[in-house]
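When we follow the UniProt record's numbering, the leftmost residue of the sequence shown carries the number 1, and every step to the right adds one.
For every residue, glycine included, the Cβ atom is placed at its ideal position computed from N, Cα and C.
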Amino acid sequence: LNISGGTAPYTVLWSNSATTIDLTNITDGKYTVEITDANLCTKTDSATVGIFGENCVTEIPTIITPNGDGKNDVWRIENIQLYSNATIEVYTRWGKLVYRSDDGNQDPWDGTFKGKELPMDSYHYIIDLGDGSKPIIGSVTVNALPTASVSGDATICNGSSTNISITLTGTAPWDFTYTDGTTPVNITNQATSPYVVSVSPAVTTTYSITAVNDVNCTGTDFGTTATVTVNDLPTASVSGDATICNGSSTNISITLTGTAP
């Protein structure tokens, strides 16, 4: 308590009946103090006290999804700044240190190590608050972005069909959209990979992926395509109408379309 102004000596009375300038052994709560100077002038003020310990860092995320959508992109521990001597360390399951923060000034972890993305996995953290309390240990899962790739280049005859295959990575179930360049097809709650679909285009068509989401993240990698080339059915027509005498000959012509032989 700092007292200024008025005329000394001062009389101090706290709401907990203490009469000392400084309070000790206090608990959480609001404290009001009344100060009276030698001229019997009074001044009242109050302060709210919070006693913090491990409970202040209960907000420890268990998942990060670094996909740039603004949701769980980084691993940030709330209130860690209250512990000026805190140390945070994150290790792989094999004990390799991939992240460290000192002095309670946490730079949020983005799931990378030396600028490179870490694989999807569970990583183990140790948080030492530096206040003599027991370290906090746990794990955080880095979810990789889902991907979708389409394959199945083929050549078919008009009227036939072929399969294209869409391979998915990430955590099921998936929602994704593929298109033939004209009509988008939305697939939801796909539980397995690959997703195989039969197609029978009438003309040469290229299939591509335009969106993919898994249970955790929105993906951005779906740049592959599959092209189905459609050949027209071959035709054959005969010509050469003629009238001949018995024992003579004439030519007829058979015209073919398609690809030889």
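Residue 210: which of 169, 177 and 203 sits nearest, CA to CA?
177
What residue range is occupied by the uninterrupted beta strand (DSSP E) comprising residue 134?
Looking at the DSSP string, residue 134 is not in any beta strand (DSSP E), and its letter there is neither H nor E.
Output the boundary residues of the beta strand (DSSP E) element that contains residue 10.
Unbroken run through residue 10: none, as it is neither H nor E.
Alpha carbon to alpha carbon, what distance is there between residue 44 and residue 26?
19 Å
Does the structure place the segment 218-228 close enough to the segment 138-157 that three or more beta carbon pairs sit under 8 Å?
yes
In chain order, which continuous runs of the beta strand (DSSP E) of length 3 or greater are located wholly inside the segment 158-227?
162-169, 174-179, 184-190, 195-199 and 205-213
Pairwise C-alpha distance: residue 46 and residue 70:
40 Å
Residue 140 burial status per 10 Å Cβ neighbour count (16 or more: buried):
buried
In angstroms, rounded to a whole number, what distance separates the CA positions of residue 103 and residue 183?
55 Å
Using 10 angstroms around the beta-carbon of residue 94, count the other beta-carbons present and answer buried if the total reaches 16, otherwise exposed.
exposed
How about residue 262 and residue 127: are their beta carbons less than 8 Å apart?
No information on residue 262 is available, as it lies outside the stretch 1 to 261 that the chain covers here.
Do the segment 115-124 and the segment 185-197 make contact, defined as three or more Cβ pairs closer than 8 Å?
no
Go ahead and label residue 245 buried or exposed: buried means 16 or more other beta carbons lie within 10 angstroms of its beta carbon, across all protein chains shown.
exposed
Between which two residues does the beta strand (DSSP E) holding residue 121 run?
121-128
Tell me whether residue 118 sits in a helix, a strand or coil according to DSSP, three-state version.
coil
For residue 82, which of helix, strand or coil comes out of DSSP?
helix
What's the call for residue 217, buried or exposed, on a 16-neighbour Cβ count within 10 Å?
buried
When 72, 138, 37 and 229 are compared against residue 152, the one with the closest alpha-carbon
229
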